[in-house]
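Asker: Sequence lines, in order, name chains A and B. So that you can map any letter, position 93 of the first sequence is 93 in our numbering, and since no number is skipped, the others follow by simple counting. So that you can map any letter, position 205 of the second sequence is 205 in our numbering, and since no number is skipped, the others follow by simple counting. Think of the CB as a built atom: it goes at the ideal place given N, C-alpha and C, for glycine as much as any other residue. Note that the structure is predicted; figures quoted are calculated from it, not measured.
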Amino acid sequence: MHELSLAQALLDQVVRHMPPPGGISGVSAPGSAGGSGSRPAPQSHGVNEPRASANGASLSNDQVILRKVVVRAGPAQAIEPQAMQMAWQASIAGTPYAQAQLELRVEPWRLICTSCGKEWTSEDPLELCTCGQPATPKGDAELTLLSMEVDVPGE
Amino acid sequence: MKVQVVESVLKLNDEIAALNRESLRKQGIFCLDLIGGPGCGKTALLEATLRALKGKLRLGVLVGDLATTRDAERLARWTDQVVQINTGKGCHLDANQVRQAMARLDLAKLDVLVIENVGNLICPVGFDLGQDVKVGMFSVAEGDDKPAKHPPLVHEASLLLLNKIDLLPYVPFDLQKFRADVRTLNSQAELLEISVQKEQLEPWVTWLGNQVKREVNL
């Protein structure tokens, strides 16, 4: 169940990229030297207390609401989508991001026939080519946060 | 409002892994992440390797388990450069755990660092620890279908070990099928067939010596 580690790392990352109220872009906390097993408590961007903006002005308590995070998983990343959804729900429960939906895009393997060179995609890396020969599976093990959808007051 | 990010979810882990890698390379240490299921013979392999190469190659081991220090105690008979990492309920090691454990080793005393990951064919695969290579380990007793059932490990490994080949006459195991699945999933990785129990370790020891550019004989 490494999906829980991944979900917690994802939540850390989402928190760092949350825009402040007013939609000031490019504001993110510096990365800490903690691994996936040493997650700091999620920050509450614009939810519980006023924060200072980049220019020092006080911001309101208006909520920035995280609606969705979009994540891409390469086929060699050993991730189980249903377990990842459960882990995400467990990670965001009780946080200001508890309503955020996770859109997980698991890429299929790209297969190249070793005999005729045909290329196609499949979830099964051992799938044979239509010519009956095995194929070479290509794919990465990356897990990438692509984007977030947020509602920002005043936007 | 859409916020574009495009950043690895494991960015923090990867940054610490890069620090680990830098520390190890500065010392000229070759590091491998040994990944295999419970009971495939990971610790036994390391015991036999430490015993066989004592005085020839300086190995240190970080050994991950959910609980107990039993593996570290087994390995400590052959080296004082061994650290047990207990993960509690964690099913894999991460780079930060490795970094903390590395601080308890005398890196100047090592040629090779083996990170024996938690017994698991799935979860450890996606976590960079700072290793040079990932080594996937299977055994005949587990069945010939394990590579096909665990493509990410086979695909990401630079070396694959098949242990307990002395059991081939006694258990149903299609060696040709196993080899074919490994070749299909990863034509680049070397596949070495060994028996720790029978001390048939030559291919593994030769491979290890090649990684540190040194001829190592049993």
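(1) Work out the CA separation of residue 142/B and residue 40/B for me, nearest whole Å.
(2) Since residue 82/A meets chain B, which of its residues come closer than 8 Å, beta carbon to beta carbon?
(3) Assign residue 102/B to one of two classes, buried (16 or more other C-beta atoms within 10 Å of its C-beta) or exposed (fewer than that).
(4) Roughly how many angstroms lie between the CA atoms of residue 103/A and residue 6/B, to the nearest whole one?
(5) Between the Cα of residue 187/B and those of 80/A, 118/A, 112/A, spot the shortest distance and give me the residue it belongs to.
(6) Quick check on the DSSP output: the alpha helix (DSSP H) that includes residue 154/B runs from which residue to which?
(7) From this set, 99/B, 179/B, 185/B, 161/B, which residue's C-alpha is nearest residue 137/A's C-alpha?
(8) So with CB distances below 9 Å, who are the chain A contacts of residue 181/B?
(9) Do you know whose CA, among 120/B, 119/B, 52/B, 27/B, lies nearest residue 105/B's CA?
(10) Please name the residues in the stretch 108-131 of chain B whose beta-carbon is closer than 8 Å to at least one beta-carbon of chain A, in chain order.
(11) Determine the DSSP secondary structure at residue 15/A, reduced to helix, strand or coil.
(12) When you compare only the Cα positions, how much space is there between residue 160/B and residue 194/B?
(13) Output yes if chain A places a C-beta closer than 7 Å to the C-beta of residue 148/B; else output no.
(14) Just the C-alpha distance for residue 39/A and residue 50/B, rounded to the nearest angstrom, thanks.
(15) Is the closest heavy atom of the ligand MG to the C-beta of residue 93/A under 6 Å?
Answerer: To lay it out plainly:
(1) 7 Å
(2) By Cβ distance, chain B contributes nothing, its closest Cβ being about 14 Å from residue 82/A, past 8 Å.
(3) Around the CB of residue 102/B, 16 or more other CB atoms lie within 10 Å, so the residue is classed as buried.
(4) 14 Å
(5) 112/A
(6) 151-156
(7) Ranking the options by Cα distance to residue 137/A, first place goes to 185/B.
(8) Within chain A, the residues whose beta carbon sits less than 9 Å from that of residue 181/B are 126, listed in sequence order.
(9) 27/B
(10) Cβ contacts with chain A come from 122, 123, 124, 125, 126, 127.
(11) Three-state result, residue 15/A: helix.
(12) Going by the C-alpha atoms only, they are around 11 Å apart.
(13) yes
(14) Residue placement at residue 39/A cannot be trusted, given a pLDDT of 40 that sits under 50; what the coordinates show is reported in the next sentence. Spanning the two alpha carbons is a distance of roughly 36 Å.
(15) No copy of the ligand MG occurs in the structure displayed, which carries no ligand at all.
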